[in-house]
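The structure under discussion appears below in the form of structure tokens.
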Amino acid sequence: MSTVLTIAGTNRASLIDWRSVRREQVLTKESDKLSFLIKKFNGQTYKPTVGNEVVLTVGATKEFGGYIVEIQEDVDARVEYVKCICKDYTHDLDRQLVSKTYSGETVNDIIADLVSTFATGFTVTNVDCPDTIDYVSFNYLPISKCLEKLTELVQGYDWYVDYDKDIHFFVTDTEASAFDLTDTSGNYVYNSLSVREDTHQLRNEIIVRGGLLTSTTLRTEYLSGDGTKDVFPL
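Just so you know, my numbering puts 191 at position 190 of the sequence shown, and the rest follows in order with no gaps.
Structure below.
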């Protein structure tokens, strides 16, 4: 399964330190993030810039799409490491501020107008909220804040932008997972499962004794596993 990472339209997969790749993905309005390292040394001088578009594709699946929002540079011996921190397409959605008022319109129509008026290259295929808003005013807000405000007016909805720049505005608990997780699905890190057990909070018995609130006799005794009691006056 091939992995392609394009920066500003050019595949730079051969320059990526794949051990450094980290992706933070959520299914709500919080932006997805991607970070990775590129090494610079003799013969390899390429360095991306803030604002470059980044697309990560594994096989036929687009795993990330967004823009570089921060670059950090460190030097170790003679090797320079360039760390790229990326944010998903929500970053592009917020390039313009919205100053507009809507009255007696559905959420579907409001979002469609926001996108057509204040954003470029985005679609609203997965916007699904026919509820009518009596009145809402956006006073120089980025579109992401406008969408967040709409979720406050119609309870039980959430939103996000996918890697094809399509806006999802949906009833919570109805959005499907991006993938299924099985033993053979290939979308997890093999041998990454880690299970930790400890007895730090273990108690085999809890004794609560009560008394007058004005006295110091009200206390809680916790009988530890070794037979001793920890006493905490209340």
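Where is the CB? At the ideal position from N, CA and C, for every residue including glycine. As the structure is a prediction and not an experimental result, all values here were calculated from the model.
Please report the straight-line C-alpha distance between residue i and residue j, rounded to a whole angstrom.
| i | j | result |
| --- | --- | --- |
| T121 | T133 | 25 Å |
| I63 | S3 | According to the sequence as given, residue 63 is Lys; it is not Ile. Taking the straight line from one Cα to the other gives about 12 Å. |
| L38 | F170 | 33 Å |
| P49 | V162 | 24 Å |
| T11 | V55 | 9 Å |
| T152 | V128 | 12 Å |
| V76 | T7 | 24 Å |
| D89 | E25 | 10 Å |
| G226 | L57 | Model confidence at G226 stands at a pLDDT of 49, short of 50, so the residue's coordinates are unreliable and nothing is read from them. |
| T91 | S32 | 7 Å |
| V116 | F123 | 7 Å |
| Y47 | V70 | 18 Å |
| A61 | D165 | 13 Å |
Rank the options by C-alpha distance to the C-alpha of residue i and give the top, closest one.
| i | options | result |
| --- | --- | --- |
| I86 | V22, C147, V137 and I168 | V22 |
| A113 | L98, L148, Y68 and N43 | L148 |
| V5 | G66, V80, D135 and D167 | G66 |
| V108 | T29, L142 and L154 | L154 |
| I144 | V70, K30 and S36 | K30 |
| T118 | P131, G157 and T102 | T102 |
| D93 | T126, Y68 and A61 | Y68 |
| G44 | S36, L16 and G52 | L16 |
| Q97 | L142, S104, E74 and V83 | L142 |
| T173 | S138, C130 and Y136 | C130 |
| K84 | A78, L35 and V27 | L35 |
| A78 | K40, D135, Y136 and K146 | K40 |
| G105 | S138, K146 and D95 | S138 |
Starting from residue i and walking both ways along the alpha helix (DSSP H), at which residues does that stretch end?
| i | result |
| --- | --- |
| S145 | I144 to L154 |
| S117 | V108 to F119 |
What span of residues does the beta strand (DSSP E) with residue i cover, start to end?
| i | result |
| --- | --- |
| V80 | V80 to D89 |
| D159 | Y158 to V162 |
| V22 | I17 to E25 |
| T29 | Segment: none, T29 is in no beta strand (DSSP E) and carries neither H nor E. |
| D165 | Segment: none, D165 is in no beta strand (DSSP E) and carries neither H nor E. |
| T4 | T4 to I8 |
| T126 | T124 to V128 |
Compute the beta-carbon to beta-carbon distance between residue i and residue j, rounded to the nearest angstrom, for a pair I have assumed lies under 8 Å.
| i | j | result |
| --- | --- | --- |
| F42 | V80 | 5 Å |
| V51 | I72 | 6 Å |
| L126 | D159 | As written in the sequence, residue 126 is Thr, which differs from the Leu given in the question. The Cβ separation is near 17 Å, so there is no contact. |
| N53 | A9 | 4 Å |
Give the list of continuous beta strand (DSSP E) stretches no shorter than 3 residues that lie fully inside the segment 44-68. Runs of the beta strand (DSSP E) lying entirely within the segment 44-68 and spanning at least 3 residues, in chain order: 54-59.
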